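Anchor point for the sequence shown: position 43 equals 769 in the numbering used here, and the numbering is continuous, going up by one each time.
Even for Gly, the Cβ is constructed at its ideal location relative to N, Cα and C.
Only a predicted model underlies this, so the values are computations on that prediction, with no experimental measurement involved.
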Amino acid sequence: MGKKTVSKKTAIAEIVQSFRKIFKAIHRYSEEVLKAFGVTGPQLWLLKTLRDEGGTSVGELSQKMYLHISTVSGIIDRLEKKGSVARKREAPDRRVVTVHLTPAGKRIVDKAPEPFQGKLLYSLENLSKEEVSEMHQALQKIVHLMELEQIEATFFFGEE
């Protein structure tokens, strides 16, 4: 099977479309997790991160998840209301708040599948034609392996 040669612009367009398909699959996954476990994809990601890290501070969770601390705090607020996590002030510095899984949170983590994680880089234009071509082929393979060829997608996280 020979390599398909496309222009750099065509390869970039197809790479973006591949990411759209992947994100659409992530969105569907998140809906399924919400229905089955009562948590969103990001909430599950935080629960799984807590499982891996043990009790940890909001700041450390923010760094581990590559999310802004206010975003992590919001996720923790929602999980705390659901009884999945608990905050605890640590002595001697009472300003330090650690977050821990509750038994209910541990049950979710033990049953739920691992969350998708993804990050889109907008610097494709800065890559060489060869790098873009390699990424294009790799992403096409991922789409095929995930059986996402039939998914129609528009913008990332766009309404349809």
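Review point. What's the gap between the Cα of arginine 746 and the Cα of arginine 820?
Key: Along the sequence shown, one-based indexing puts residue 746 at 20. Along the sequence shown, one-based indexing puts residue 820 at 94. Going from the Cα of arginine 746 to the Cα of arginine 820 covers about 44 angstroms.
Exercise for review: Kindly identify the DSSP beta-bridge partner or partners of serine 783.
Suggested key: Mapped onto the sequence shown, residue 783 falls at position 57. Note: serine 783 sits in a beta bridge opposite Thr824.
Practice item. Classify glycine 751 as helix, strand or coil using the three-state DSSP reduction. Key: Residue mapping note: residue 751 aligns to position 25 of the sequence shown, counting from 1. Checking the displayed sequence, the identity of residue 751 turns out to be alanine instead of glycine. Alanine 751 sits in a helix when the DSSP states are folded into three classes.
Practice item. Hey, could you find the ends of the alpha helix (DSSP H) valine 835 is sitting in? Key: As a first step, residue 835 must be located in the sequence shown, where it is residue number 109. DSSP places valine 835 inside the alpha helix (DSSP H), whose first and last residues are 829-837.
Review point. Glycine 800 to lysine 832, Cα distance in whole Å?
Key: Taking the first residue of the sequence shown as position 1, residue 800 is located at position 74. Taking the first residue of the sequence shown as position 1, residue 832 is located at position 106. Going from the Cα of glycine 800 to the Cα of lysine 832 covers about 20 angstroms.
**Study point:** Rounded separation between lysine 837 and proline 829 - CA only
**Key:** Here residue 837 is taken as the residue at index 111 of the sequence shown, counted from 1. Here residue 829 is taken as the residue at index 103 of the sequence shown, counted from 1. Their backbone Cα atoms lie some 12 angstroms apart in a straight line.
Exercise for review: Look up valine 742 in the DSSP assignment and say whether it is helix, strand or coil.
Suggested key: Your numbering for residue 742 matches position 16 in the sequence shown. In this structure, valine 742 counts as helix in the three-state DSSP scheme.
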